[in-house]
Amino acid sequence: MKRLMLPLLTCSLLAACGGPATPGGDPGAGGTTYTVSGAALLPGAATTAQALQPVTQAAGAGTVDWTLPHVQGEVLVVGAGRLPGTLGTLSVTALGDGSGELRLVRTPAGESDQAFAARLAQELTGGLAAQGSGTQALTVPTVTVQPNYIYSALAVPNDPGYPSASGAGVTVAGAAYDQDYLTRINAEGGWAQIGAAPTGAVTAVLDTGVDRTHPELASRLLPGYDFANNDSDPSEAAGGDVGHGTSSAGLIGAATNNATGIAGLTWTGRTVMPLRVFDDAGGATTANLARAVGYATQNGARVVNMSLGLKGANVDAALAQRLQAASQAGVVLVAAAGNTPSDGLYYPAADPNVIAVGALGKTDALACYSARPKSGDKALDLVAPGGNATLSGTSCVGDPAYGILTLAPTAQTTSPGGPVGGGYALRIGTSEAAPLVSGAASLILGARPDLNAAQVKSALVGSARSVAGGRLLDVGAAVKAALALPQNAGRAYTLAVTGGGTGKTFTGTLANGVVRVPFSLPGVAAGQTTLQATLTVDGRTATGSLPVTVNGDLNGQSIQTR
Numbered sequence: 001m002k003r004l005m006l007p008l009l010t011c012s013l014l015a016a017c018g019g020p021a022t023p024g025g026d027p028g029a030g031g032t033t034y035t036v037s038g039a040a041l042l043p044g045a046a047t048t049a050q051a052l053q054p055v056t057q058a059a060g061a062g063t064v065d066w067t068l069p070h071v072q073g074e075v076l077v078v079g080a081g082r083l084p085g086t087l088g089t090l091s092v093t094a095l096g097d098g099s100g101e102l103r104l105v106r107t108p109a110g111e112s113d114q115a116f117a118a119r120l121a122q123e124l125t126g127g128l129a130a131q132g133s134g135t136q137a138l139t140v141p142t143v144t145v146q147p148n149y150i151y152s153a154l155a156v157p158n159d160p161g162y163p164s165a166s167g168a169g170v171t172v173a174g175a176a177y178d179q180d181y182l183t184r185i186n187a188e189g190g191w192a193q194i195g196a197a198p199t200g201a202v203t204a205v206l207d208t209g210v211d212r213t214h215p216e217l218a219s220r221l222l223p224g225y226d227f228a229n230n231d232s233d234p235s236e237a238a239g240g241d242v243g244h245g246t247s248s249a250g251l252i253g254a255a256t257n258n259a260t261g262i263a264g265l266t267w268t269g270r271t272v273m274p275l276r277v278f279d280d281a282g283g284a285t286t287a288n289l290a291r292a293v294g295y296a297t298q299n300g301a302r303v304v305n306m307s308l309g310l311k312g313a314n315v316d317a318a319l320a321q322r323l324q325a326a327s328q329a330g331v332v333l334v335a336a337a338g339n340t341p342s343d344g345l346y347y348p349a350a351d352p353n354v355i356a357v358g359a360l361g362k363t364d365a366l367a368c369y370s371a372r373p374k375s376g377d378k379a380l381d382l383v384a385p386g387g388n389a390t391l392s393g394t395s396c397v398g399d400p401a402y403g404i405l406t407l408a409p410t411a412q413t414t415s416p417g418g419p420v421g422g423g424y425a426l427r428i429g430t431s432e433a434a435p436l437v438s439g440a441a442s443l444i445l446g447a448r449p450d451l452n453a454a455q456v457k458s459a460l461v462g463s464a465r466s467v468a469g470g471r472l473l474d475v476g477a478a479v480k481a482a483l484a485l486p487q488n489a490g491r492a493y494t495l496a497v498t499g500g501g502t503g504k505t506f507t508g509t510l511a512n513g514v515v516r517v518p519f520s521l522p523g524v525a526a527g528q529t530t531l532q533a534t535l536t537v538d539g540r541t542a543t544g545s546l547p548v549t550v551n552g553d554l555n556g557q558s559i560q561t562r
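Just so you know, we're using full-length UniProt numbering here: the sequence shown kicks off at 1 and counts up by one.
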């Protein structure tokens, strides 16, 4: 199995200079010293896809709702230190991704998940946790014990699917369709301002995987990862909503101007990062999503698309921590609002760090299936075309003649909605609206990588057109607004690293989206020592440590700060 390589930090992204050495002790035997180099990682950055380092941090606000779908026989612990000795025999898996401690604990036989969570919270907090039921939180300032929730899958190109006078369309089920939704969101206006073959920024697609052999995706994909099976093959799931991830990836990055099929919002370059979070049963757990967000942040993604959701706003503290850390690192987070109109915004669209995207039907009104805020929810940030549906009595019935033309797996298979395959399909839902916003964010960051997440959101939302259903994405206006923003100087940082009888201070400027601050520490005494790092960025200080054995020069050492 090929090992994934973490992206290297280039001088164009980060400028650093070393300060004077600060001796802290005697050198090793015989005065032998060596150089230790590597990087300090910002809080929220993870070192690998599987061996993710835990830290201790207070869990985010929210409630714990045991009535929502969750993995039976498991609970998640967020923010605890060592497990008490009385619980040491439990089956525990560390899943932290560097932004907060995250552990999966198996429920003992004969005990319900909710009862075990209450008991575990009591043990972890010395009896201070609230013993609740239903939607009461099992939370104290530094610990949350919660369910492992299960989320559901929610220039002018010459591609025949792009609308034009001579466009032949793409044939699906014997009829030709085009991408009229690209006209509605003024995609051409964005392309025209950026120039030929816009590449876009790296965009992670957290979904069912992708058809890696699809001719419209093969040249666009980064290696990616499968968090459902813990391997480096993020191919489409064999069960559940097969093709959902291929659809999302295609809307963002189908190969464009190749006289074939459809046009993606971004045209070219290997910038689509497929991260499979759904298993073959069609569920994506909190644990998989949290790890995927951390992986995307660490591996250079500037946009994360989540066409998925869980009914209930702000219920998932474990995922909320990862989303906050990603946003602070400059990652734009986008999620589908949900596909039921009376349940409020789904999570993670309800999270304040995420752009919530609703869906329009054939008109500029919200589609009958699109989630809309309930009292107390945040508003929809944007709306975009999601395909048409009509009310039949109290049911919202999809209109197959007015779906969103997108990619499908090339091989024929089955899914809950019927057979899929043939390379192209019509889909309906907020899951199709969200990738259009993600694609627009990717275009912006491809042209202006210095912008942070808040600036990109401001450009997208502030330039949107007001329609009956909300703020309709206008790609051309959003790109124009982003290009007009003043250049960011970057985030000033100071990094102090000590260990082995020496120390050094580094200063520089950290670009948005960069989570690794390099260091090279000479004069480290031979033997066992602990590297200590103190990293200050934008006035916020984080610390970390790493035990090392020095018997020669060491490279590639990663110190996770928290």
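Don't be surprised by glycine CBs; every beta carbon is placed ideally from N, CA and C.
Practice prompt. At 3 residues or longer, and completely inside the segment 416–446: list those beta strand (DSSP E) runs for me, N to C.
Written response: 418–420 and 424–427
Discussion item. For V550 and Q528, what's the separation of their Cα atoms in angstroms?
Written reply: Distance between the alpha carbons of V550 and Q528 is about 6 Å.
Fill in: Pairwise C-alpha distance: L391 and C368
7 Å
Worksheet item: Under the three-state reduction of DSSP, which class applies to R184: helix, strand or coil?
Response: In the structure shown, R184 adopts helical secondary structure according to DSSP, grouped into three states.
Item to complete: Just mark R562 as buried or exposed, buried being the case when its beta carbon has 16 or more other beta carbons within 10 Å.
Response: buried
Worksheet entry | Beta-carbon separation (whole angstroms), A204 vs N305, contact threshold 8 Å | About 7 Å separates the two Cβ atoms, so the contact holds.
Worksheet entry | Nearest-angstrom Cα separation, counted from T534 out to A401 | 58 Å
Discussion item. Give me the residue from A336, T363 and A359 with the minimum Cα distance to A350.
Written reply: A336
Fill in: With 16 other Cβ atoms within 10 Å as the buried cut-off, status of T430
buried
Worksheet item: F519 and S37: beta carbons closer than 8 Å?
Response: yes
Worksheet item: By a C-beta neighbour count over all protein chains shown, 10 Å radius and 16 as the cutoff for buried, is A489 buried or exposed?
Response: exposed
Worksheet item: Looking at A481 and A459, is the spacing between their C-beta atoms short of 8 Å?
Response: By the CB criterion at 8 Å, A459 and A481 fall inside the cutoff.
Fill in: Straight-line Cα distance separating T502 from residue 600
This structure leaves residue 600 out entirely; the chain is present only between 1 and 562.
Worksheet item: So what's F227 in DSSP terms, helix, strand or just coil?
Response: DSSP places F227 in coil when its eight states are reduced to three.
Discussion item. Let me confirm a value: L483 is counted as buried when at least 16 other C-beta atoms fall within 10 Å, else exposed. Which label applies?
Written reply: exposed
Discussion item. Which residues does DSSP list as the beta-bridge partners of C396?
Written reply: L391
Fill in: Span separating the alpha-carbon of H244 from that of G421
Looking at the two C-alpha atoms, the distance is approximately 11 Å.
Discussion item. So for L323, helix, strand or coil by DSSP?
Written reply: helix
Discussion item. To the nearest angstrom, how far is the alpha carbon of L289 from that of G499?
Written reply: Roughly 35 Å separates the two Cα atoms.
Practice prompt. Could you tell me if E111 is buried or exposed, where buried requires 16 or more neighbouring beta carbons within 10 angstroms of its beta carbon?
Written response: exposed
Discussion item. List, from N- to C-terminal side, the alpha helix (DSSP H) runs of 4 residues or more that fit wholly inside the segment 218–296.
Written reply: 244–253
Practice prompt. Evaluate D381 with the Cβ neighbour count: other Cβ atoms within 10 Å of its Cβ, from every protein chain shown; 16 or more gives buried, anything less gives exposed.
Written response: buried
Worksheet item: In whole angstroms, what is the alpha-carbon distance linking S370 and V277?
Response: 23 Å
Worksheet item: Under a Cβ-count criterion, where at least 16 other Cβ atoms within 10 Å of its own Cβ denotes burial, should T171 be classed as buried or exposed?
Response: exposed
Worksheet item: Alpha carbon to alpha carbon, what distance is there between L510 and A411?
Response: 44 Å
Worksheet item: Excluding the five sequence neighbours on either side, which residues of its own chain have a C-beta within less than 7 Å of the C-beta of residue 563, listed in chain order?
Response: The structure shown does not extend to residue 563, since the chain is modelled only from 1 through 562, so no value can be given for it.
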